[in-house]
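Scroll down for the structure; my scribbles are underneath it.
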Amino acid sequence: TSQPSTGEVRHALESLRAGGAEQIVAITLSSQLSGTCDAVRAASEAFRAETGIPVLVVDTRSIGAATGFAVLAAWRAVEAGQSAAEVAATASRVALSSRAWVTVSDLRHLQRGGRLKASHALIGTALGVRPLLRIDDGALVATESVRGAARARRRLVELVVEGALEQVRSPGGQLDVAVHHTGDDLGAAVVADELRGAAAEANLPVRSFLQGRISPVLAVHGGPGALSVVTSVSG
Numbered sequence: 001t002s003q004p005s006t007g008e009v010r011h012a013l014e015s016l017r018a019g020g021a022e023q024i025v026a027i028t029l030s031s032q033l034s035g036t037c038d039a040v041r042a043a044s045e046a047f048r049a050e051t052g053i054p055v056l057v058v059d060t061r062s063i064g065a066a067t068g069f070a071v072l073a074a075w076r077a078v079e080a081g082q083s084a085a086e087v088a089a090t091a092s093r094v095a096l097s098s099r100a101w102v103t104v105s106d107l108r109h110l111q112r113g114g115r116l117k118a119s120h121a122l123i124g125t126a127l128g129v130r131p132l133l134r135i136d137d138g139a140l141v142a143t144e145s146v147r148g149a150a151r152a153r154r155r156l157v158e159l160v161v162e163g164a165l166e167q168v169r170s171p172g173g174q175l176d177v178a179v180h181h182t183g184d185d186l187g188a189a190v191v192a193d194e195l196r197g198a199a200a201e202a203n204l205p206v207r208s209f210l211q212g213r214i215s216p217v218l219a220v221h222g223g224p225g226a227l228s229v230v231t232s233v234s235g
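Using the numbering used here, you'd call the opening residue of the sequence shown number 1 and step up by one each time.
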């Protein structure tokens, strides 16, 4: 989540220009959790002033698969022949529809990253407490805590399904789900299996179900044993 330099962003924009781009859509991590969005905006303003090529920046106000689902939606919009403004609007809509949940095994990693008080991390780790966190309006927010990994996984599944039922209220909505982890293959497999069963029982219209490891860039903040689940809806 470290911020790229404006020079790096400018290089990427120039590469797109060289490839014939007349309009550019840039989709970024949450501006609340990374300086990437601000760096892209700053470089884009200078780039447009010098070249006349507009850059539409989409702050997904999330991270990980939630940002990935927005990128996939944008790609589908491009394939469908939508304009740059329509592509950006589609990406923004999908990003805002997404819900992201996270649980970690060691609170000290969040504390080191400035996302949790040191005293809370020390007490929570000593008691074997696993927090359940969500991305709320771009920021990481602790919602509740559960003792033990198994209980945390069960509660995570419950929260995801409850949220998904609200997400798919509109007719025609399709649900995309991603389960990611930092080295906890077994835990992720358990969560994925329980989610599939709970989704089927709740008659959720799941279109895709992804499972894999979290990017090392994000894993460094969650530490080993972190699990995340993202749900996103598109029409």
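Glycine is no exception: its CB is placed at the ideal position from the N, C-alpha and C atoms.
Note that the coordinates shown come from a computational prediction; the quantities given were computed from them, not determined experimentally.
On the CB-based measure, 16 or more other CB atoms within 10 Å of its CB, does Leu122 come out buried or exposed?
In this prediction, Leu122 scores a pLDDT of 49, lower than 50, which makes its location untrustworthy; the coordinate-derived value is nonetheless stated afterwards. Exposed, by the Cβ-count rule.
Can you round the beta-carbon distance between Arg257 and Ala152 to whole angstroms, since I take them to be within the 8 Å contact cut?
The shown model of the chain, from 1 to 235, leaves out residue 257, and the question about it has no answer.
Start and end residues, beta strand (DSSP E) containing Asp136:
Unbroken beta strand (DSSP E) run through Asp136: Val129 to Asp136.
Cα-Cα separation between Asp193 and Ser15, rounded to whole angstroms
Distance between the alpha carbons of Asp193 and Ser15: 42 Å.
Going by Cα to Cα distance, which pick from Ile27, Glu22 and Glu45 is closest to Arg10?
Glu45
For Ala74, collect the residues of the same chain with a Cβ closer than 7 Å to its Cβ; drop the 5 residues on either side in sequence, then sort them by chain order.
Val25, Ile27, Val87, Thr90 and Ala91
Straight-line CA distance for Arg76 to Gly148?
Distance between the alpha carbons of Arg76 and Gly148: 41 Å.
Quick test of your reading: Val229 and Leu195, contact by CB under 8 Å. State the CB separation rounded to the nearest angstrom.
7 Å
Only counting the same chain, and skipping five residues up and downstream in sequence, which positions put a Cβ closer than 8 Å to that of Ala188?
Val179, His180, His181, Gln211 and Leu227
Distance cut-off 8 Å: Ala65 Cβ against heavy atoms of the ligand FAD:
The ligand content of the structure shown is nil, which means the ligand FAD is not present either.
Tell me where the alpha helix (DSSP H) around Ser92 begins and ends.
Segment Ala84 to Ser97, the alpha helix (DSSP H) holding Ser92.
Closest Cα partner of Ala198 within the set Glu158, Gln32 and Ser97
Glu158
Assigned secondary structure, Glu22 (DSSP; H/G/I helix, E/B strand, else coil):
Of the three classes helix, strand and coil, the one that applies to Glu22 here is coil, per DSSP.
Where does Asp185 sit, in a helix, a strand or coil, going by DSSP?
helix
Nearest-angstrom Cα distance between Leu156 and Ser31?
25 Å
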